[in-house]
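Numbering (full-length UniProt numbering), first residue to last: 1 to 293. In this text, a Cβ means the ideal position worked out from N, Cα and C, and glycines have one as well. Being a predicted model, the structure only gives us computed values, none of them experimental. Here the structure comes first, spelled out in structure tokens, and everything after it is commentary.
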Amino acid sequence: MFESLQEKLSRAFKTLSGKGRITESNIKEAVKQIKLSLLEADVNYKVVKEFIKSVQEKALGEEVLKSFTPDQQFIKIVRDELIKVLGEKKVGLNLSGSPAKIMLVGLQGSGKTTTSAKLALMLKKEGKHPLLVAADVYRPAAVDQLIQLGKQIEVPVYTGDRKDPLKIVQEALDEAVKNVHDVIIFDTAGRLHVDEKMMEEVRRIAEIVKPDEILMVIDAMTGQDAVNSAKKFNDELELTGFVVTKIDGDARGGVILSVRHVTGKPVKFVGISEKMDGLEYFYPDRIAGRILG
Ligand code: GDP
Numbered sequence: 001m002f003e004s005l006q007e008k009l010s011r012a013f014k015t016l017s018g019k020g021r022i023t024e025s026n027i028k029e030a031v032k033q034i035k036l037s038l039l040e041a042d043v044n045y046k047v048v049k050e051f052i053k054s055v056q057e058k059a060l061g062e063e064v065l066k067s068f069t070p071d072q073q074f075i076k077i078v079r080d081e082l083i084k085v086l087g088e089k090k091v092g093l094n095l096s097g098s099p100a101k102i103m104l105v106g107l108q109g110s111g112k113t114t115t116s117a118k119l120a121l122m123l124k125k126e127g128k129h130p131l132l133v134a135a136d137v138y139r140p141a142a143v144d145q146l147i148q149l150g151k152q153i154e155v156p157v158y159t160g161d162r163k164d165p166l167k168i169v170q171e172a173l174d175e176a177v178k179n180v181h182d183v184i185i186f187d188t189a190g191r192l193h194v195d196e197k198m199m200e201e202v203r204r205i206a207e208i209v210k211p212d213e214i215l216m217v218i219d220a221m222t223g224q225d226a227v228n229s230a231k232k233f234n235d236e237l238e239l240t241g242f243v244v245t246k247i248d249g250d251a252r253g254g255v256i257l258s259v260r261h262v263t264g265k266p267v268k269f270v271g272i273s274e275k276m277d278g279l280e281y282f283y284p285d286r287i288a289g290r291i292l293g
């Protein structure tokens, strides 16, 4: 991810080197190139427009610092704006509930089941005692997949009758209290497209569970489609953040650079491999660093 964006941006910055100061005419070409690179990386056009506007305003409004050359200063402005679009700081989980309850929602294939288990392992390593709940009963393999992953990471999985998600989540809450689990992670049903039936079920699960976190899992490879479905989910549910999966693939980066801006909710984690340890907290400055090289 980001390889080609990085390449194109560094080419854009080259047009600036050797310039004595930042002027509208000498950043024009670089700004144009940045705009094109972001659009080609599948970044939402509104995000690109605002990004470019604020880079231009900052670049022209600032005195060039003595310790920087104009091109270095311009790169710094772009970097700062990238960090801003990405959300400035790492946003952790709200685990204040006792037990803390985390619901994972999203479309089928986005990586929800895998992410549920990865998150359980991460929290276990942080000293928690998680319980996984298999509430995705429509994709038959999902329950077995979660059982398998649970075995692998040595975290118990509650499956109930494998039929009625509302009953399963209610029972899981009792089970968690009985067995002193301090975090419960609910893997809920996804479908191929956003539809009313799925939303209704997820909403009803949320009413029963009263989650501390509702994280939507989105696949970086699906580009602006992922951002559009993120917007739909966020309109329907009280999302608290996103997990962007498969950033190890050759996705162009548009999802990561757009989703927070479009929904107002932070990316909290990224999926960086299929393996159980392939989940990381999302650090905007590190991602900006990767984009700029
Ligand atoms: P679900 O339908 O949303 O529950 O999706 P799954 O958890 O079954 O994931 C779908 C596929 O994506 C599986 O083959 C996962 O191994 C894979 N996957 C999930 N997250 C990642 C990731 O961060 N990187 C990569 N490379 N593959 C992932």
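Where residue i falls: helix, strand or coil (DSSP)
i	result
residue 296	Beyond the ends of the chain as shown, which are 1 and 293, falls residue 296; an answer cannot be given.
residue 325	Summary: the structure shown does not reach residue 325, with the chain confined to residues 1 through 293, and so no result is reported for it.
Phe68	coil
Ala100	strand
Val244	strand
Val180	coil
Val155	coil
Val91	coil
For residue i, the first and last residue of its enclosing beta strand (DSSP E)
i	result
Val185	At residue 185 the sequence reads Ile, which differs from the Val that was named. Note, Ile185: beta strand (DSSP E), 183 to 188.
Leu36	Where Leu36 is concerned, there is no enclosing beta strand (DSSP E), although the alpha helix (DSSP H) it sits in stretches over 24 to 40.
Pro130	130 to 135
Asp219	213 to 219
Val270	267 to 271
Cβ neighbour criterion (16 or more within 10 Å) applied to residue i
i	result
Thr188	buried
Asp71	buried
Pro140	exposed
Gln152	exposed
His193	exposed
Leu60	exposed
Gly249	exposed
Gly127	exposed
Lys49	exposed
Ser37	buried
Phe74	buried
Gly223	buried
Lys101	buried
Glu3	exposed
Leu215	buried
Own chain, CB closer than 6 Å to residue i, minus 5 neighbours either side, in chain order
i	result
Ala220	Val244, Lys246, Ile247, Ala251, Val255
Ala172	Val133, Tyr158
Glu175	Tyr158
Gly160	Ile168, Glu171
Cβ shell of residue i (< 7 Å), same chain only, five flanking positions each side left out
i	result
Val169	Val133, Ala135, Phe186, Ile205, Ile208, Val209
Ser116	Leu104, Leu132, Leu146, Ile185, Asp187
Ser110	Gly190, Val217, Ile218, Asp219, Thr245
Gly87	Arg260, Pro266, Val267, Pro284
Ser273	Asp248
Leu166	Arg204, Ile205, Ile208
Arg79	Ala288, Leu292
Closer than 7 Å: residue i CB and nearest the ligand NAD heavy atom
i	result
Val202	This structure does not include the ligand NAD; its bound ligands are the ligand GDP.
Residue span of the alpha helix (DSSP H) that contains residue i, given as start and end
i	result
Leu237	Where Leu237 is concerned, there is no enclosing alpha helix (DSSP H), given that its DSSP letter is neither H nor E.
Leu192	Looking at the DSSP string, Leu192 is not in any alpha helix (DSSP H), and its letter there is neither H nor E.
Gly61	45 to 61
Lys163	Note, Lys163: premise wrong, no alpha helix (DSSP H); not H, not E.
Met122	112 to 125
Lys14	3 to 14
Ser258	254 to 263
CB contact below 8 Å: residue i versus chain C
i	result
Val259	The displayed structure is made up of one protein chain only, and chain C is not part of it.
Same chain, Cβ closer than 8 Å to residue i, five either side skipped, listed in chain order
i	result
Gln33	Lys8, Leu9, Arg11, Ala12, Thr15
Leu39	Tyr45, Val48
Exercise for the section: May I ask you to verify whether the region 116 to 131 touches the region 265 to 285, counting CB pairs closer than 8 Å and requiring at least 3? Expected result: yes
Problem - Stretch-stretch touch, CB-based, cutoff 8 Å, three pairs: the region 93 to 111 with the region 31 to 44 - result: Remark: fewer than three beta-carbon pairs, one from each stretch, lie closer than 8 Å, so the region 93 to 111 and the region 31 to 44 are not flagged as touching.
Practice task
Would you check if there are 3 or more beta carbon pairs closer than 8 Å linking the region 46 to 61 to the region 266 to 275?
Solution key: no
Handout entry: Three-pair Cβ contact test at 8 Å for the region 220 to 235 versus the region 12 to 32
Key = no
Handout entry: Touch test, the region 195 to 204 against the region 233 to 241, Cβ-Cβ under 8 Å, three pairs minimum
Key = Cβ pair count under 8 Å is three or more, so yes.
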